[in-house]
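Each number in our numbering corresponds to the 1-based position in the sequence shown with 223 added. We put the beta carbon where it would ideally sit given N, CA and C, even for glycine. This report refers to the structure that appears directly beneath it.
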Amino acid sequence: MLGIKRKERQKFPVTVESVSDITPHMRRFRVAGDALRTLELDEPAQWMKVFVPCAGDQSRVGRAYTVRNFDPSNGRMDLDFVLHGDTGPASRWAAHAWPGEQIIIAGPGRGYPVDPTMRNHLLIGDATSLPAIAAILEVLPETAEAVVFVEVATPEEEQPLMSPASVERTWLHSGKEWPGTTGRLELAVQNVALPLDDCSVWVAGESLMVRSLRSWFLADQRLSRSRLHAKGYWKLGVADHRDRD
Numbered sequence: 224m225l226g227i228k229r230k231e232r233q234k235f236p237v238t239v240e241s242v243s244d245i246t247p248h249m250r251r252f253r254v255a256g257d258a259l260r261t262l263e264l265d266e267p268a269q270w271m272k273v274f275v276p277c278a279g280d281q282s283r284v285g286r287a288y289t290v291r292n293f294d295p296s297n298g299r300m301d302l303d304f305v306l307h308g309d310t311g312p313a314s315r316w317a318a319h320a321w322p323g324e325q326i327i328i329a330g331p332g333r334g335y336p337v338d339p340t341m342r343n344h345l346l347i348g349d350a351t352s353l354p355a356i357a358a359i360l361e362v363l364p365e366t367a368e369a370v371v372f373v374e375v376a377t378p379e380e381e382q383p384l385m386s387p388a389s390v391e392r393t394w395l396h397s398g399k400e401w402p403g404t405t406g407r408l409e410l411a412v413q414n415v416a417l418p419l420d421d422c423s424v425w426v427a428g429e430s431l432m433v434r435s436l437r438s439w440f441l442a443d444q445r446l447s448r449s450r451l452h453a454k455g456y457w458k459l460g461v462a463d464h465r466d467r468d
């Protein structure tokens, strides 16, 4: 049986306009380019493939990053990178990049289709999911209620999460372990009463954590698949892992 060839996303150059640290280990890059003026993004948590230069040669390596802010009228986009040392080419680049550098981006990938008729939204993730969670919360209607669980390394990694909706926030801290790999998120979610009636559930982050919660929501809580949006952004010990759209 022949495999289905995935459509190649168009690549285009952008220039790093500014660099700012949101937390000690989250760095925001504002990029600008004429192609962004015609790019269509209509959902929060959409992502772009970002191709950065590899040290020592002319090749580029691509990684997926969630769009945090988008300003098509001015051709600008914010992308937040989690800094975790020089363990990978993208993180290595992000730790040393400055305004004026040029990178290549491609996309966008799918985001989270917010249902305006859904009253409750449950958002769960580790540090890598924070840009998406923040973007989702900002577009929820005032009539909505959101419950958020996020695991980051330390209290210093917590970020303001603003929303027109009513939001209940629970922060968990992984300490020296990678956020999303400790099992604390799964326990926190499973040990509280959740508003699963009239509720849309979004889960993202480390792949095994996402898989565990996906199974729990579907098998144990009998949540409809149509109301569960779950995606592994990364996998411990695996380079460039991301669940397919």
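If you drop the 5 nearest sequence neighbours on each side, which residues of the same chain put their C-beta closer than 7 Å to that of residue i?
i	result
Val412	Ile347, Phe372, Leu436
Gly403	Asp349, Glu374, Gly428, Glu429, Met432
Gln444	Leu419
For residue i, which of helix, strand or coil comes out of DSSP?
i	result
Thr377	coil
Ala416	coil
His396	strand
His307	coil
Val433	helix
Ala411	helix
Thr404	coil
Asp294	strand
Trp321	coil
Leu262	coil
Leu302	strand
Thr351	helix
Return the bridge partner residues of residue i from the DSSP annotation.
i	result
Ser423	His344
Ser241	Arg253
Gly173	Since the displayed the chain opens at 224 and closes at 468, residue 173 lies outside it and no answer follows.
Val371	Leu346, Arg392
His452	Trp425
Pro236	Ile327
Trp457	Glu429
Give every residue of the same chain whose Cβ lies closer than 8 Å to the Cβ of residue i, excluding the five residues on either side of it in the sequence, and list them in chain order.
i	result
Ser296	Arg260
Leu360	Leu346, Ala369, Val371, Leu384, Met385, Ser386, Ala388, Val390
Using alpha carbons as the reference points, say which of the options lies closest to residue i.
i	options	result
Thr340	Pro247, Ser423, Asp244, Val305	Ser423
Ala355	Val239, Glu324, Trp394, Leu302	Leu302
Glu240	Ser386, Phe304, Gln325	Gln325
Gly285	Ala320, Ala313, Asp294	Ala313
Pro267	His396, Leu417, Phe274, Thr289	Thr289
Gly334	Val242, Trp425, Leu446	Trp425
Gly415	Arg434, Trp401, Thr393	Checking the sequence, you will find Val at residue 415 rather than Gly. Nearest C-alpha to Val415: Thr393.
Ser352	Ile327, Leu408, Ala255	Leu408
Ile328	Arg434, Leu264, Asp257, Val237	Val237
Glu472	Leu459, Asn343, Val362	This structure does not reach residue 472, given that the chain is present from 224 up to 468, and the question cannot be answered.
Asp338	Gly323, Ala358, Ala367, Ala320	Ala367
Ile245	Arg291, Pro276, Cys277, Arg232	Arg291
Output needed for residue i: all residues of its chain with C-beta closer than 6 Å, excluding positions within five of it in sequence on either side, in chain order.
i	result
Phe304	Arg250, Ala317
Arg448	none
Thr405	Ser397
Ser243	Arg251
Stretch-stretch touch, CB-based, cutoff 8 Å, three pairs: the region 445-453 with the region 376-384: no
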